[in-house]
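Engineer: Sequence order for the protein chains is A and B.
For the first sequence, this note's numbering assigns the number 194 to the initial residue and increments by one for each residue that follows.
For the second sequence, this note's numbering assigns the number 194 to the initial residue and increments by one for each residue that follows.
Idealized CB from N, CA, C, for every residue including glycine.
Everything numeric in this text was worked out from a predicted model, so none of it was measured.
Below you'll find the structure I mean.
Protein chains: 2
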Amino acid sequence: MALFSDTTGGSSPRSPASSVGAVTPQFATFDEPLALSSGRSLPSYTLAFETYGTLNADHSNAVLVCHALNASHHVAGYYAENPDDLGWWDNMVGPGKALDTDRFFVVGVNNLGSCFGSTGPASIDPATGEPWGANFPLVTVEDWVDAQVQLADRLGIGAWAAVMGGSLGGMQALAWAIRYPARVHDVLAIAAAPNLSAENIAFNEVARQAILGDPEFFGGDFYRHRAIPRRGLTLARMIGHITYLSGEQMETKFGRQLRDGLNYSFAPEFQIESYLRYQGDKFADYYDANTYLRITKALDYFDPARATGGELRNAFAAIRASFLVVSFTTDWRFPPERSRELVRALVQNKLNVSSAEIDAPHGHDAFLLDNPQYHAVVGAYFARVAEGFSATAPHPSPLSAGAGRGSASVQHRADDSLSRLRERAGVRGANDAPETTRSDHAMIARWIAPNAHVLDLGCGDGSLLAYLARVRGATGYGLEIGNAGMLASVGAGINVIQRDLETGLNGFDDASFDCVILSQTLQAMRHIETIVDEMLRVGREAVVSFPNFGHWTHRWQILRGRMPVSTALPYQWFDTPNIHLCTVADFDAFLRERGCRVIERRVLSAGREVTFAPNVLGELAIYRFRRA
Amino acid sequence: MALFSDTTGGSSPRSPASSVGAVTPQFATFDEPLALSSGRSLPSYTLAFETYGTLNADHSNAVLVCHALNASHHVAGYYAENPDDLGWWDNMVGPGKALDTDRFFVVGVNNLGSCFGSTGPASIDPATGEPWGANFPLVTVEDWVDAQVQLADRLGIGAWAAVMGGSLGGMQALAWAIRYPARVHDVLAIAAAPNLSAENIAFNEVARQAILGDPEFFGGDFYRHRAIPRRGLTLARMIGHITYLSGEQMETKFGRQLRDGLNYSFAPEFQIESYLRYQGDKFADYYDANTYLRITKALDYFDPARATGGELRNAFAAIRASFLVVSFTTDWRFPPERSRELVRALVQNKLNVSSAEIDAPHGHDAFLLDNPQYHAVVGAYFARVAEGFSATAPHPSPLSAGAGRGSASVQHRADDSLSRLRERAGVRGANDAPETTRSDHAMIARWIAPNAHVLDLGCGDGSLLAYLARVRGATGYGLEIGNAGMLASVGAGINVIQRDLETGLNGFDDASFDCVILSQTLQAMRHIETIVDEMLRVGREAVVSFPNFGHWTHRWQILRGRMPVSTALPYQWFDTPNIHLCTVADFDAFLRERGCRVIERRVLSAGREVTFAPNVLGELAIYRFRRA
């Protein structure tokens, strides 16, 4: 068996510079039994896989890509005999792409129970010499991961630089991090969820009933009847397909377009009907009904928090990986709220996590499509992941690694991963932080205890967090709603969570931070009392800075009958984002009335502290306070 | 045939004071052929119906209730032989309820093609003496309405006080207003849409394919095979049921609850699976597969704008009825945006319309449930409808009307409806308007031309519109986001559209109003430039009033170092909704810079005009302006 793929970039029209080119599937057979979650076991099994790029000397640059419901190990490139059969994530994986095969050694693997090459219900049961059929066990996401561990060992990969997947693939990546914490440095969980919702299960159940009720299903043993439950499979796929698209996208693509006018019959009349029938029909041509049943069951079963009484926080306790969590605004199958549950549990465990909520119209399918912000965030994240191993091998040289080398490297990487994870428990990228140029940042840094755990609300490009990490060893997270700031923070290795502050800090636990910072954002908030209450709920201390409306230039302009415009408040009254302005005296009174104790207060002008008449001469006020 | 129901309120535990009590279904058979949209015709047909309440002397208090997919003519009350079989809208229809059977004569009718008593696929085809089966024609919403017209004639109802329905029933109400404009005074279209979206059609198509592919369906002639396509029906219902609930509601009701732990088989494990199977199974017990196919097709076909090249505005041109349009926030089958399309087309035709967007967690099913704001709005609307006929019969006395009386009354009502519609083309309830107590209202009224068509943004309880209608004969609409204001406006007979101003005025056409008013709301808007641009796009003139931040008391407080609090600006800096304050000088400059021409400007203090130093002494500024 060839262990590594013979990817060849080349001159075919199908392989531009950014393609991994023609690829060949590989097969690894394991003769040790695999114990399954159901209590049953598989006596032996084969996994189909593909690889792209080159494994580096210490085997530290390997990335596992996990597939979703109907995909396979064919992640990137094409098959020489069928150049149109492009890998399902070819836009993501390739030379110079977000997952850059010039830097990473990428492995795609087909799940156990599938119908694309790994052992599944259509495979021959060695005990009978007949297809497994109905007797093929139900497998879980954890079973898949356990099988993939065997493949990793075979490939000599002790720890993955990253495990990545979308949808069900994201769940596998999660299961990897939970089940094999020392073998996963980073996880990219895209369009995923901590478990299926009731609605998700409902759709799966309808699809299963369609298959189970098809007379051609023969209780799962249709192979020996030379039958295919096409109607059931077609219905299942039609239902699934509806949930992959957003309603908006379906409307844009099909709307109420007719094929040839109304015919007042049950023959297809609307384009959407033809499209769904076509998709269903095509699916029935290549997909196995028993696989469909089992893969939807694996989805239904996935629920790491089941073992911990529903507490995802506890389910994540063993995780040591850093995370990028990506969701899509119009995904109603695994909407952004589900990803927020993942982020919350990761934050509760003080793990490194960044999360992006991508504004895309395509629904769940968006994770397969090329969206600039999405691919930029993933690319920026992988660039940071690459730093983890390029320190060892700054200029990774092509390597024809042999199987023999693997074991030693695994050990090396496993040791390395421990220290690396320890180092990265802090805010990453701290060493990149420039000297701060903002006077309030330097002031805030003086108030932050060494190694404090901080939350920075409206963190922008992450410069304050980077500065605090550098000068105070601070750890923590930034919240940022803007795409540019979010991307810049990821690029800088800052833990940034894309979130609207106006919805409060409900993803964060009481007293979970030493300090919560709101730097020059207070005045732009719609709900001042809510955010201040939330800051003091989540943090033991709060630091707030804002432009002082009491500054004499503002008073002077108002005295002259106009709303003030200044360096600190550069907007016009009608387009200003600063909608709740106050003076130092106002904020003093506000905190007093709310029973807060001001620990320290500084008022600055031109970057220097003002002690005389601060409410008149101060441009910027910075408060440090807590509940009395 | 008994023409009127023998509803008897009584002492049964099933008939509290608010129930119509025990009811009896009735049947009307029509021997004239009914021409259908498909080009075919039905030689004869029977409609099943029920009635509640008493028809008044001039037959002007009749309300038709149209049912949705799987309901029937059994709208309210119960059957003596089965007291548990409550009408599907019993919470809405009854003595003292939102649709008050003490005031209205309510008719529920079973659609043609159904399986609950009206002629349908399971009925005997007189030509063959066998069930119609596959040969029963496809019927449309318009066909249903045409059949219902025959019933109205039979009942002596020339014009309905209102036609009301939810979901598919709302579409029937719409079709009534379009097809028989002189016979419908008011329409209540609840959880409806101008047509099905691609996603809606997609779900219907999957359901149909499940039925069509069931081997027990026998091409639609399963009756003669003594078969029932139970599997197909069950699947269809399971799919439908998922779309009736919101994901949120499904999560609350079922979540990931298991029945008895995991069994690693395809037997039901999660509660949601059992629930759906149960619902599907129950449905297969009583519903007819041919009816299901036809009723989903009727839904797919409904599209009044098809006849007018997709222009709903033109499709509504003949309508004379007034409308209440209600939608529910979590309804993803017919979401609020679809109702907004209806509202837009009604506004384009300058028809009376109010719309409520009810915040309810129950998804599409919410229209069947008891929600206080929902029932209050419907009740308030019906109270205004009742004024239309109680003027003639202020104290409607119980009447045992005979069929003979109908025809004359129809004519009477038809004539009456004309004048009533003319009268109501203006803002309704104008005569209720009290003398205004707001100085800016009186000022604004002076700037409004007689009979002007106005849009009032943030209309609150509708008092300005009512005042303008009374003193200037103005017509138009108010926009209001608040539930209380919305309800008060409906109660006052004001056309009120529940809408967030921040999303702009995209439901309104260019230059469609003489004047757009933003009274003391500008300063609370997030996007000032957008709303002013939108006002000048939609209206030929704009009127804006706002508190003058330049008032000397504000200047004085700021000079003293605090954000001002005054009668005009009563909030604290941190909780004020007034987020974009300006002075008279600022607004002058704003309009000048945007190329607007101020037609008139008044500055008030204590309700009196200020001419000297208005930016210092004025509390409230009112501008009338247009593009230069």
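Around the Cβ of A735 of chain B, are there at least 16 other Cβ atoms within 10 angstroms (buried) or fewer (exposed)?
Structural biologist: A735 of chain B should be labelled buried.
Engineer: So, using beta-carbon positions, are R755 of chain B and E793 of chain B closer together than 8 Å?
Structural biologist: Not closer than 8 Å, so no.
Engineer: Following the continuous alpha helix (DSSP H) through G473 of chain A, name the residue where it begins and the one where it ends.
Structural biologist: Looking at the DSSP string, the run of the alpha helix (DSSP H) that includes G473 of chain A is 464-479.
Engineer: Locate the beta strand (DSSP E) running through R423 of chain A, then write down its first and last residues.
Structural biologist: Per DSSP, R423 of chain A belongs to no beta strand (DSSP E); it is in the alpha helix (DSSP H), 423-437.
Engineer: Since A477 of chain A and L405 of chain A are thought to touch, with beta carbons under 8 Å apart, how far apart are those beta carbons, to the nearest angstrom?
Structural biologist: About 15 Å; that fails the 8 Å criterion.
Engineer: When you compare the CB positions of N741 of chain A and E802 of chain A, do they come within less than 8 Å of one another, or not?
Structural biologist: Contact: no.
Engineer: Would you say F459 of chain B faces chain A, with C-beta separation under 8 Å as the test?
Structural biologist: Taking Cβ atoms only, chain A reaches closer than 8 Å to F459 of chain B, which makes this a yes.
Engineer: Can you check whether the CB of L784 of chain B is closer than 8 Å to the CB of V731 of chain B?
Structural biologist: The answer is no: Cβ separation not under 8 Å.
Engineer: Evaluate the contact criterion for the stretch 551-559 of chain B versus the stretch 435-449 of chain B: three or more CB pairs, one atom per stretch, below 8 Å.
Structural biologist: Touching, yes.
Engineer: Report the three-state DSSP secondary structure of L486 of chain B (helix, strand or coil).
Structural biologist: Note: L486 of chain B maps to helix in three-state DSSP.
Engineer: To the nearest angstrom, how far is it from the Cα of T804 of chain A to the Cα of V796 of chain A?
Structural biologist: Distance between the alpha carbons of T804 of chain A and V796 of chain A: 7 Å.
Engineer: Between G287 of chain B and Y245 of chain B, what straight-line distance do the alpha-carbon atoms span, to the nearest angstrom?
Structural biologist: Going by the C-alpha atoms only, they are around 8 Å apart.
Engineer: Comparing C-alpha positions only, which one of B:G289, B:L344, B:N263, B:D295 sits nearest to F309 of chain B?
Structural biologist: Looking at the Cα atoms, B:N263 is the closest of the given residues.
Engineer: Does any residue of chain A have a CB that is nearer than 8 Å to the CB of C308 of chain B?
Structural biologist: Chain A, which has no Cβ nearer than 8 Å to the Cβ of C308 of chain B, makes this no.
Engineer: Kindly indicate which residue of A:L562, A:S547, A:F582 has the alpha-carbon position closest to the one of V570 of chain A.
Structural biologist: The shortest C-alpha separation from V570 of chain A is found at A:S547.
Engineer: In the DSSP assignment, find the unbroken alpha helix (DSSP H) run with G671 of chain B in it and report its ends.
Structural biologist: Taken as a continuous stretch (DSSP letters only), G671 of chain B belongs to no alpha helix (DSSP H), being part of the beta strand (DSSP E) at 668-673.
Engineer: Could you spell out where the beta strand (DSSP E) holding D649 of chain A opens and where it closes?
Structural biologist: Unbroken beta strand (DSSP E) run through D649 of chain A: 646-650.
Engineer: For G671 of chain B, count neighbouring Cβ atoms within 10 angstroms of its own Cβ and tell me buried if that reaches 16, exposed if not.
Structural biologist: Buried: at least 16 other Cβ atoms inside 10 Å.
Engineer: If you measure beta-carbon to beta-carbon, which residues of the stretch 778-804 of chain B are closer than 7 Å to chain A?
Structural biologist: Listed by position along the chain: A778, D779, F783.
Engineer: Give the single residue among A:T523, A:D552, A:V519 whose Cα lies nearest to the Cα of G572 of chain A.
Structural biologist: Ranking A:T523, A:D552, A:V519 by Cα distance to G572 of chain A puts A:V519 first.
Engineer: Following the continuous beta strand (DSSP E) through I512 of chain B, name the residue where it begins and the one where it ends.
Structural biologist: Unbroken run through I512 of chain B: none, as it is neither H nor E.
Engineer: State yes or no: is the beta carbon of V399 of chain B nearer than 8 Å to at least one beta carbon in chain A?
Structural biologist: It does; some Cβ of chain A falls within 8 Å.
Engineer: For a contact meaning CB atoms closer than 8 Å, what does H266 of chain B contact in chain A?
Structural biologist: Correct list: empty, because the minimum Cβ distance to chain A is about 25 Å.
Engineer: Can you tell me which of A:C652, A:S759, A:S632 puts its alpha carbon nearest to the alpha carbon of G743 of chain A?
Structural biologist: The residue with the shortest Cα to Cα distance from G743 of chain A is A:S759.
Engineer: If we cut at 8 Å on Cβ distances, does P408 of chain A have a partner in chain B?
Structural biologist: Chain B contact via Cβ: present.
Engineer: Just the C-alpha distance for A396 of chain A and A327 of chain A, rounded to the nearest angstrom, thanks.
Structural biologist: Before going further, note that residue 396 of chain A is Phe rather than Ala in the sequence given. If you take the alpha carbons of F396 of chain A and A327 of chain A, they lie about 22 Å apart.
Engineer: Helix, strand or coil, according to DSSP, for T244 of chain A in the structure here?
Structural biologist: Looking at T244 of chain A - three-state DSSP - the assignment turns out to be strand.
Engineer: Would you mind telling me which residues of chain A sit closer than 8 Å to H773 of chain B, beta carbon to beta carbon, in chain order?
Structural biologist: What H773 of chain B touches in chain A: W766, F767, T769, I772.
Engineer: Check whether chain B comes within 8 Å of A395 of chain A, counting only Cβ atoms and requiring the distance to be less than that.
Structural biologist: True, the Cβ-Cβ gap to chain B drops below 8 Å.
Engineer: Under 8 Å, with one C-beta from each stretch per pair, do the stretch 647-666 of chain B and the stretch 526-533 of chain B reach the 3-pair mark?
Structural biologist: No, the stretch 647-666 of chain B does not touch the stretch 526-533 of chain B.
Engineer: State the beta-bridge partners of N741 of chain B as determined by DSSP.
Structural biologist: Its beta-bridge partners are B:C775.
Engineer: When every heavy atom of the ligand GTP is checked, does at least one fall within less than 7 Å of the C-beta of T321 of chain B?
Structural biologist: The ligand GTP is not part of the structure shown, which contains no ligands of any sort.
Engineer: Would you report the Cα separation of V540 of chain A and I371 of chain A, rounded to the nearest angstrom?
Structural biologist: Those two C-alpha atoms are separated by around 15 Å.
Engineer: Once you ignore the five residues that flank Q713 of chain B on each side, which residues in its own chain have a CB closer than 6 Å to its CB?
Structural biologist: Around Q713 of chain B: S738.
Engineer: Start and end of the beta strand (DSSP E) containing S547 of chain B?
Structural biologist: 546-551 is the span of the beta strand (DSSP E), which, as asked, contains S547 of chain B.
Engineer: Take the Cβ of K490 of chain A as the centre, count every other Cβ of all protein chains shown within 10 Å, and call the residue buried at 16 or more, exposed below.
Structural biologist: Answer is buried; the Cβ neighbour count reaches 16.
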